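S.K.: Quick one: the structure is below, and I'll ask about it shortly.
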Amino acid sequence: MAGNEKRKTIRIFALASFLNDFGSDMIYPVWPLFVTTVLHANMSVLGFIDGLGDAIVSVSQALSGYFSDRLRRRKIFIWVGYLFGSFSRIGYALSTTWQHLIPFRVLDRSGKIRSAPRDALVAEISTDADRGRNFGVLRTMDHLGAVMGILACILLIDHLGYQKLFLLAALPTLLGALLIFIFIAEPKSDRRRVFKGYDFRHLDNNLRLLFSLSAIFSLASFSYSFLLIFAKELGFRTAFVPVLYLIYTIFASATSLPFGKLADRVGRKNVLWLAYLLWIFVCVIFIAAKTKWIILAGFVLYGVHKGAFEPVSKTMIAELAPEKFKASVIGGYQMVTGLCALPASVIAGFLWDNFGKPVPFAASMAMTFVSIGLLFFVKEKKR
-12 MAGNEKRKTI RIFALASFLN DFGSDMIYPV WPLFVTTVLH ANMSVLGFID GLGDAIVSVS
48 QALSGYFSDR LRRRKIFIWV GYLFGSFSRI GYALSTTWQH LIPFRVLDRS GKIRSAPRDA
108 LVAEISTDAD RGRNFGVLRT MDHLGAVMGI LACILLIDHL GYQKLFLLAA LPTLLGALLI
168 FIFIAEPKSD RRRVFKGYDF RHLDNNLRLL FSLSAIFSLA SFSYSFLLIF AKELGFRTAF
228 VPVLYLIYTI FASATSLPFG KLADRVGRKN VLWLAYLLWI FVCVIFIAAK TKWIILAGFV
288 LYGVHKGAFE PVSKTMIAEL APEKFKASVI GGYQMVTGLC ALPASVIAGF LWDNFGKPVP
348 FAASMAMTFV SIGLLFFVKE KKR
């Protein structure tokens, strides 16, 4: 793929990411309120629905990564994934009980079949000198779209209500699917590279260790919904809750590209360590929170954590994956971490309901320290 075509591909992916997150984040700021106050679910049910969504993400990414490598096709998984996300929001708008959300949540998160093939394609057309930057660009546009979506949510929720807002949120992602379908060219591939399957039992020890510590951290990092409900119970008005989500997203957007570039300069592990430490600080803030200003600082730090964690974790796994099985390994990694997200949110909801709000944060800190320790033994790819 020529240089101009590579840059065009990154730009189209970035625009599609912007549009998708613009649509999805018209919903996410009010999602926990919709589930708990409109559909009358408790925190355990909220944790189950959010965790189920993360688990479905993991399975869909693993399957799409496997079949993308096997068929040597990327594009179809990407635009179809965006279509799934668009259609699911129509289903949310039509739901009248929390049980109705489940199939549409499954459809929504199955839309992540786009992620592993897209990330593999981005990794393949990048070099060691700009791979972190390119992933940082995508995450920046993700979060920038989220900022615009949150602003739209804040401005429109009182005028449209949940149903019309959710229907409107389906449109940007549909546009993103059309952009991918029309403007992205399927890279040429050698059909002889079709393979029977990648046996994850034969992962090298370095990659296996990265899988393990990432799984532990996924068990530690429960859904953002808990942070929003925590803030509401501390005294924030319902109308201000989406603003907290906006603050987090702005800082995630502003820091993703700088952290991606930093990882290209100082190494992936150093930035990943920093991301883990930032999550620990977030937990400390919420455990010690007594005032609204402290909660605001917690959401700022949570955004910085995401800005550091998301680009570098994708970059690191993509570089350590064998070339012929890159999408399969990326999808397998996302499956492992996503499957851990279901018990993470369920357990956090159980601890919250039965032992109090600080307990899930304390448990999360303990597991994050384990991931930090294991990361010492992971060797980065030489660049």
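For the sequence shown, the numbering used here begins at -12 and goes up steadily by one.
Glycine residues also receive a C-beta, built at the ideal position from the N, C-alpha and C atoms.
All figures in this text were calculated on a predicted structure; none of them were measured in a lab.
With respect to the alpha helix (DSSP H) encompassing residue 393, which residues constitute its N-terminal and C-terminal limits?
M.R.: The question about residue 393 has no answer here: the residues shown for the chain are numbered -12 through 370.
S.K.: If the criterion is Cβ atoms closer than 8 Å, does the pair residue 201 and residue 302 meet it?
M.R.: In the sequence shown, counting from the first residue as 1, residue 201 sits at position 214. In the sequence shown, counting from the first residue as 1, residue 302 sits at position 315. Cβ distance not < 8 Å, so residue 201 and residue 302 don't count as in contact.
S.K.: Could you please give the first and the last residue of the uninterrupted alpha helix (DSSP H) stretch that includes residue 130?
M.R.: Position 143 of the sequence shown, counted from the first residue, corresponds to residue 130. Element bounds for residue 130: 118 to 170.
S.K.: Mind checking which residues open and close the alpha helix (DSSP H) that includes residue 263?
M.R.: Start at 1 with the first residue of the sequence shown, and residue 263 comes out as number 276. Counting along the chain, the alpha helix (DSSP H) containing residue 263 begins and ends at 255 to 275.
S.K.: Looking only at its own chain, which residues have a Cβ that is under 8 Å from the Cβ of residue 138, when we skip the five neighbours before and after it?
M.R.: Along the sequence shown, one-based indexing puts residue 138 at 151. If we look at residue 138 and ignore the five residues flanking it on each side, its Cβ neighbours are 233.
S.K.: Identify which residue in 166, 258, 157, 286 has its Cα closest to the Cα of residue 218.
M.R.: As a working note, residue 218 is residue 231 in the sequence shown. Answer by Cα proximity: 286.
S.K.: With a threshold of 8 Å, are at least 3 pairs of Cβ atoms found where one atom belongs to the stretch 93 to 101 and the other to the stretch 64 to 71?
M.R.: The stretch 93 to 101 is in contact with the stretch 64 to 71.
S.K.: Use the C-beta contact count for residue 297: other C-beta atoms within 10 angstroms, 16 or more gives buried, fewer gives exposed.
M.R.: For this step, residue 297 is matched to residue 310 along the sequence shown. Classification for residue 297: buried.
S.K.: So, residue 335 versus residue 213, is the Cβ gap smaller than 8 Å?
M.R.: Taking the first residue of the sequence shown as position 1, residue 335 is located at position 348. Taking the first residue of the sequence shown as position 1, residue 213 is located at position 226. Cβ distance < 8 Å, so residue 335 and residue 213 count as in contact.
S.K.: Going by DSSP in three states, residue 106 sits in which element: helix, strand or coil?
M.R.: As a working mapping, residue 106 is identified with position 119 in the sequence shown. Residue state, collapsed to three classes: helix.
S.K.: Residues in its own chain within less than 7 Å of residue 42 by CB, not counting five upstream and five downstream?
M.R.: The residue given as residue 42 occupies position 55 in the sequence shown. Same-chain partners within the cutoff: 325, 326, 328, 329.
S.K.: By the 10 Å Cβ neighbour count, where 16 or more other Cβ atoms means buried, how is residue 179 classified, buried or exposed?
M.R.: Numbered from its first residue, the sequence shown carries residue 179 at position 192. At residue 179 the pLDDT is 45, less than 50, meaning the model places this residue with poor confidence; the figure from the coordinates comes in the next sentence. Classification for residue 179: exposed.
S.K.: Quick one: what does DSSP say residue 28 is sitting in, helix, strand or coil?
M.R.: Taking the first residue of the sequence shown as 1, we reach residue 28 at position 41. Correct three-state label for residue 28: coil.
S.K.: Does DSSP classify residue 14 as helix, strand or coil?
M.R.: Stepping through the sequence shown from its first residue, residue 14 is reached at position 27. Three-state result, residue 14: coil.
S.K.: When burial is assigned at 16 or more other CB atoms within 10 Å of the CB, is residue 290 buried or exposed?
M.R.: By one-based count along the sequence shown, residue 290 stands at place 303. It counts as buried.
S.K.: Just to confirm the assignment, what range does the alpha helix (DSSP H) spanning residue 351 have?
M.R.: By one-based count along the sequence shown, residue 351 stands at place 364. It spans 345 to 362 - the alpha helix (DSSP H) in which residue 351 sits, taken as one unbroken run.
S.K.: Rounded C-beta distance between residue 132 and residue 215? I'm assuming under 8 Å.
M.R.: The residue labelled residue 132 in the question sits at position 145 within the sequence shown. The residue labelled residue 215 in the question sits at position 228 within the sequence shown. Contact flag wrong, Cβ pair sits at about 19 Å.
S.K.: Distance check for residue 278 and residue 185, CA to CA, integer angstroms please.
M.R.: Here residue 185 refers to the residue found at position 198 when the sequence shown is read from its first residue. Here residue 278 refers to the residue found at position 291 when the sequence shown is read from its first residue. Below a pLDDT of 50, predicted positions are generally treated as unreliable, and residue 185, at 48, falls in that range; no measurement from the model is reported.
S.K.: Let me know the secondary structure DSSP gives residue 333 once reduced to three states.
M.R.: The sequence position of residue 333 within the sequence shown is 346, counting from 1. Residue 333 falls in the helix class under three-state DSSP.
S.K.: Please return the same chain residues whose Cβ sits closer than 6 Å to the Cβ of residue 306, not counting the five positions on each side in sequence.
M.R.: For this step, residue 306 is matched to residue 319 along the sequence shown. Result list for residue 306: 368, in chain order.
S.K.: Please report how far the alpha carbon of residue 344 lies from the alpha carbon of residue 338, in whole angstroms.
M.R.: Indexing the sequence shown from 1 puts residue 344 at position 357. Indexing the sequence shown from 1 puts residue 338 at position 351. When rounded, the distance between both Cα atoms is 8 Å.
S.K.: Taking buried to mean at least 16 other C-beta atoms within 10 Å of its own C-beta, is residue -9 buried or exposed?
M.R.: For the purposes of this step, residue -9 is identified with residue 4 of the sequence shown, where counting begins at 1. Per the 10 Å Cβ criterion, exposed.
S.K.: Under the rule that 16 or more other beta-carbon atoms within 10 Å means buried, what is residue 116, buried or exposed?
M.R.: Here residue 116 refers to the residue found at position 129 of the sequence shown. Exposed, because fewer than 16 other Cβ atoms sit within 10 Å of the Cβ of residue 116.
S.K.: For the alpha helix (DSSP H) containing residue 223, list its first residue and its last residue.
M.R.: Taking the first residue of the sequence shown as 1, we reach residue 223 at position 236. Here residue 223 belongs to no alpha helix (DSSP H), and DSSP marks it neither H nor E.
S.K.: When we look at the beta-carbon of residue 280 and count the other beta-carbons within 10 Å, is it buried (16 or more) or exposed?
M.R.: Locating residue 280 in the sequence shown gives position 293, where the first residue counts as 1. Counting Cβ neighbours within 10 Å, residue 280 comes out exposed, since fewer than 16 surround it.
S.K.: Quick one: using the 10 Å Cβ neighbour count with 16 as the cut-off for buried, is residue 169 buried or exposed?
M.R.: Along the sequence shown, read from residue 1 onward, the residue named residue 169 stands at position 182. Residue 169 is exposed by the Cβ-count criterion.
S.K.: Give me the Cβ distance between residue 207 and residue 354, rounded to the nearest whole Å; I'm assuming they're in contact under 8 Å.
M.R.: Here residue 207 corresponds to residue number 220 of the sequence shown, with the count starting at 1. Here residue 354 corresponds to residue number 367 of the sequence shown, with the count starting at 1. That pair is a contact at about 4 Å.
S.K.: Taking C-alpha atoms, which residue in 78, 104, 75 lies nearest to residue 58?
M.R.: As a working mapping, residue 58 is identified with position 71 in the sequence shown. Selected option, being the one with the closest Cα: 104.
S.K.: Give the DSSP-derived three-state secondary structure of residue 367 in the structure shown.
M.R.: Along the sequence shown, read from residue 1 onward, the residue named residue 367 stands at position 380. Correct three-state label for residue 367: coil.
S.K.: Just confirm the distance between the C-beta atoms of residue 397 and residue 294, as a whole number of angstroms; I'd bet it's less than 8 Å.
M.R.: Limits of the chain in this structure are -12 at one end and 370 at the other, which puts residue 397 out of reach.
S.K.: Is it buried or exposed for residue 146, if we count other Cβ within 10 angstroms and need 16 for buried?
M.R.: The count along the sequence shown starts at 1 and reaches residue 146 at position 159. With fewer than 16 other Cβ atoms within 10 Å, it is exposed.
S.K.: Among 123, 78, 230, which residue has its Cα nearest to the Cα of residue 255?
M.R.: Along the sequence shown, read from residue 1 onward, the residue named residue 255 stands at position 268. If we check each option's Cα against that of residue 255, 123 comes out closest.
S.K.: First and last residue of the alpha helix (DSSP H) that includes residue 76?
M.R.: Reading the sequence shown from its first residue, position 89 is the one you call residue 76. Start and end: 62 to 81.
S.K.: Relative to the alpha-carbon of residue -3, which residue among 128, 159, 192 has its alpha-carbon at the smallest distance?
M.R.: As a first step, residue -3 is located in the sequence shown; it is residue number 10 there, counting from the start. The shortest Cα separation from residue -3 among 128, 159, 192 belongs to 128.
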